[in-house]
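In what follows, a single structure is set out as structure tokens and then discussed.
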Amino acid sequence: MSEKKEYKVIGTRPIRHDGVDKVTGRALYGADFQIAGLLHGRVLRSPHAHARIVSIDTSRAEAYPGVKGIVTAQDLPDPADKVADLGEGAVNLKYLCDNILARDKVLYKGHAVAAVAATSPHIAEEACTLIDVAYEVLPPVLEVRQAMEPDAPLLHENLKTTSLGETADEPSNVASHLQYKKGAPEKGFAEADVVIEREFVTGTVHQGYIEPHNATALYNPDGHLTIWCSTQGAFTVREQVAEILQYPISKIKVVPMEIGGGFGGKISVYIKPVAALLAMKTGKPVKVLMNRTDVFEGTGPTPASYIRVKMGATKAGKVTAAEAYLAFEAGAYPGSPVGPGAMCIFAPYNIENVLIDGYDVVVNKPKTAPYRAPGATNAAFGSETILDELAERLEIDPLEIRLMNGAKEGDRRADGPIYPRIGYIETVEAAKQHPHYAAPNGKKHHGRGVASGFWFNIGLESSVTINVNVDGTINLVEGSTDIGGTRASIAMQAAEVLGIPAESVNPSVVDTNSVGYTAVTGGSRTTYATGYAAYEAAQDVKRQMIARAAKLWEVDEANVQFADGEFSCINGKEEQISFRDLCARLGETGGPVVGSGTVNPGGAGGAFATHVVDVEVDEETGKVEILRYTATQDAGKAIHPSYVEGQIQGGVVQGIGWALNEEYIYDAEGTMTNASFLDYRMPTCLDLPMIDTVIVEVPNPGHPYGVRGVGEVPIIPPPAAIANAIYDAVGIRMTELPMSPERLLKAIGTI
Amino acid sequence: MAKHPVSLTVNGDEHDLLIEPRKTLLAVLRDTIGLTGTKEGCSTGDCGACTVIVEGKAVTSCMVLGVTAAGKEITTIEGLASDGALHPVQRAFIETGGYQCGFCTPGFIIAAKALLDENPARTEEEFRHALGGNICRCTGYTKILEAVMQAAEEIRTTA
Ligand code: FES
Ligand code: FES
């Protein structure tokens, strides 16, 4: 843990600015939005996983009293028109449009085919049952290896595999193949004393945000379209809706309401363009809400995968080579996170010889969407389990083997980048020194496991403006949806620059007409990049305020300095004025001060985590009980430690759910049989202990305060850590997720 | 569909309403009365986001028909703060960071309030059991439990 800087606001735990709103029920989420004359929309979804649409007859529904408008894919601009214009991009646009309302084929159960706007939600629902759709049912493809078979039914007749820059001649369900190579893997394996290879299978899991998707759209006769919705990124919604509807971006305003969780699942649009279409068709505001089944069946979960990992090490514990084969289910359209999975697998280690192959494969399931460190959890389940096995075979402590091979500054990752200062080793050290790791762990059926994880984090564009108030406070305007306290973590960075308390900042998250472009709240980027923009905006304010002080004192700006919330005159005059007092004198010194900051920073700085878990395995029921859990993570610099802890704890528990319970269960026809919170079992507080966290701070050189994104990496280690703990408890290597009681009992041989 | 006259008391205020018999209490609170603090996460009784207090007991309002709540006293999240001061549970949630997105929060706070009214002297394990019907996807529950136990402590010591 390197040099410590002294901060006044950063690292403290002020109450978040939206705190009271959220505990009193005043915070307005998308579904809470009301407007006079509102119609209610409902989407009709496909009952088949794979079928050709022969015809859609809406006449009976249209005649139903209370129905005001019906839309199908025929109401969307034909994306085929864009083929000539956009070249390769057009392909994606067609997929994007077809996922909103199916045109020729339905590709998963739950695929939207039509939508109704009516005077009540009940009428809209009833009218949906009156839409007659004739389908020609086709055999579904429900698993990645099956989809890759040469004779598998094809989802898209025109999809041809692109592999390392070449496009195949024949159509296939394999959309693309990527490869990362470093050194000479064969040579590396030849140098190893022990080589271990296994295959792994992981299930389809959902982000499970508690708030279902929602959208209300209003179309004005002057062509202005407004959408109020729950989203991780208002600007991203604006872009997607503009593309899908072929509508000018300047005529679309997206208003982000409070959001009830996203985890990557509220970036892609589903019902937002549908609400817009219905609003355009009816001339009335239309609200569309999903129910929980819609969310499971009609929005992107994160992919199931088939993974093979092979690693070799010398007797001394040096990993000499690693290989991975990653086949990810993209869902109905190309675009699984196999790329990030390939970037993150093996990333905590400096391995000389690496070969990673990734395959993006379409299947008859909803188009996948990001979920917290997309792709990395699947991949790490394989690599972190194999590393554990290597350590065991070599009789080396599992944290020790991680220290021996851990990546450091200057090491090169298999996909190319050379690490700047990173804190992986520090997370392993922190885990090793934690009392948890030293605690006794010898009871029968009790086991301990460890695993690490890496997420690269992203930068992207953010904008912030700051309006200075006469009473020494500031209004901070930002475009980042606040999902877990980022109003505070962003405000704190501006407050630090200006030497004012966090409470003196009033942050607002505003619509796309009211702030500069800001990318999604995702990729663990918000506190990093929008925080960075707030820092820049505050610096702008500071510069302008220095000019005002100089004017007041009739000195050169170079003679004014600012420290600890006070402006003072150096050289000559004995002048001093606080930030607050100067704020009161802005009128007389030239008018209001407005600062702005925009960034697109490149130095996001990767995040690492190392977890330790104790489990108890019940050999009779197959149930795995989490007894104790400790997560260490490099946050670079924790702006608000409570919220960093919260991110870690939340990520860990999602990882525990993925490890032990969660998966989409399909029947042979491709119907998800557990599309409810009762049957898709997410962890409750009954399933868990308190999650212990250790924040390690190795400042990120790419951020003024050293921030690294924290949101994503904590979900990565749990499945592998728990699998390793189960092995320690009962001597069985679990290679399939979730490690449900049924799978465990089968592996143990009880059933 | 024919509507039924129903009177109910919400947060101390009496409401005389005409409601369709198929409307859930959740829909009555949110859409008819306009109290949108109570949230809808599943509509099947599985997530607890819609928890309100009916006659002193925490119930999932998506599983109750509005007409059956006739004549009952109901407390929603909007009715918890009194005279502008937050309830100890609300304060504890803010202070410990017992929420992230805040969508499960009204349900959790209401469920916790009902529990604490009944008996604030519970162990962590007992609280975990009692709150097992509320799902939070953001926090991993650690800070929620800390909040509830902090509020319980405060209620016990000031009672
Ligand atoms: S909305 Fe009532 S329990 Fe989920
Ligand atoms: S705080 Fe988001 S679901 Fe609990």
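Residue numbers (this note's numbering), protein chains in the order written: chain A, 23 to 773; chain L, 500 to 658. Idealized CB from N, CA, C, for every residue including glycine.
Here's a check: name, in chain order, each residue in its chain whose Cβ is nearer than 6 Å to the Cβ of residue i, leaving out the five neighbours to either side.
i	result
Val113(A)	Reliability of the predicted coordinates at Val113(A) is poor, the pLDDT of 49 falling under 50, and no value is obtained from them.
Lys659(A)	Glu719, Pro721, Tyr727, Gly728, Val729
Gly545(A)	Ile480
Met704(A)	Gly230, Gly679
Pro420(A)	Asp410, Ala413, Val472
Glu653(L)	Pro587
Val666(A)	Ala657, Ala660, Ile717, Val732
Cys603(L)	Ala548, Cys635
Return yes when the Cβ of residue j is within less than 9 Å of the Cβ of residue i, no when it is not.
i	j	result
Tyr202(A)	Gly587(A)	no
Ile573(L)	Val551(L)	yes
Ser194(A)	Leu186(A)	no
Gly255(A)	Ala49(A)	no
Gln262(A)	Ser290(A)	yes
Glu345(A)	Met333(A)	yes
Ile737(A)	Val674(A)	yes
His228(A)	Pro323(A)	yes
Ser530(A)	Asn581(A)	no
Tyr554(A)	His725(A)	yes
Phe601(A)	Gly469(A)	no
Thr407(A)	Arg755(A)	yes
Asp316(A)	Pro392(A)	no
Ala631(A)	Ala606(A)	no
Ala214(A)	Thr342(A)	yes
Ile634(L)	Gly540(L)	yes
Gly41(A)	Cys600(L)	no
Ser68(A)	Val31(A)	no
Val155(A)	Ala335(A)	no
Gly521(A)	Phe584(A)	yes
Asp379(A)	His199(A)	yes
Ala369(A)	Gly628(A)	yes
Using three-state DSSP, classify residue i as helix, strand or coil.
i	result
Ser762(A)	coil
Arg470(A)	strand
Phe285(A)	coil
Asp107(A)	In this prediction, Asp107(A) has a pLDDT of 43, which is less than 50 and means its spatial position is unreliable; nothing more can be read from the coordinates.
Cys591(A)	strand
Val732(A)	coil
Val752(A)	helix
Val505(L)	strand
Asn696(A)	coil
His16(A)	The structure shown does not extend to residue 16(A), since chain A is modelled only from 23 through 773, so no value can be given for it.
Ser358(A)	coil
Leu534(L)	coil
Asp603(A)	helix
Pro193(A)	strand
Ile496(A)	strand
CB-CB under 8 Å to residue i, same chain, minus the five flanking residues each way: which ones, in chain order?
i	result
Pro614(A)	Asn489, Val490, Leu608
Gly464(A)	none
Glu513(L)	Ser506, Leu507
Report all residues from its chain with a CB closer than 7 Å to the CB of residue i; omit the five preceding and five following residues, and keep chain order.
i	result
Ala149(A)	Ala83, Tyr86, Val89, Val138, Ala140
Pro763(A)	Thr643, Gly644, Lys645
Glu110(A)	Since pLDDT at Glu110(A) reaches only 43, below the 50 mark, its modelled position is unreliable, and the value read off the structure follows with that caveat. For Glu110(A), where only same-chain residues beyond five positions count, there are no Cβ hits under 7 Å.
Ser542(L)	Cys561
Asp107(A)	In this prediction, Asp107(A) has a pLDDT of 43, which is less than 50 and means its spatial position is unreliable; nothing more can be read from the coordinates.
Can you give the beta carbon distance from residue i to residue j, rounded, assuming they're within the 8 Å contact cut?
i	j	result
Ala610(L)	Ala557(L)	5 Å
Thr449(A)	Gln655(A)	6 Å
Val166(A)	Val385(A)	6 Å
Gly363(A)	Pro760(A)	About 18 Å separates the two Cβ atoms, so there is no contact after all.
Thr253(A)	Lys288(A)	5 Å
Glu645(L)	Gly606(L)	The Cβ separation is near 18 Å, so there is no contact.
Ala681(A)	Pro741(A)	4 Å
Practice prompt. Report the residues of the segment 549-583 of chain L with a CB closer than 8 Å to any CB of chain A, ordered along the chain.
Written response: Within the segment 549-583 of chain L, the residues whose Cβ lies closer than 8 Å to some Cβ of chain A are Thr575, Ile576, Glu577, Leu579, Ala580, listed in chain order.
Short-range partners of chain L found in the segment 307-323 of chain A, where Cβ spacing is below 7 Å | Asn313, Arg314
Taking a cut of 7 Å between CB atoms, which residues from the segment 696-715 of chain A lie near chain L?
Ser698, Phe699, Leu700, Met704, Thr706, Cys707, Leu708, Leu710, Met712, Ile713
> According to a CB-to-CB cut-off of less than 8 Å, which residues of the segment 629-640 of chain L neighbour chain A?
Replying inline: Leu630, Gly631, Gly632, Asn633, Ile634, Cys635, Arg636, Cys637, Thr638, Gly639, Tyr640
Residues in the segment 645-673 of chain A having any Cβ partner in chain L nearer than 7 Å: Ser664, Tyr665, Gly668, Gln671, Gly672
Legend entry - Within 8 Å of chain L by C-beta, residues of the segment 210-241 of chain A in sequence order: Gln229, Gly230, Tyr231, Ile232, Glu233, Pro234
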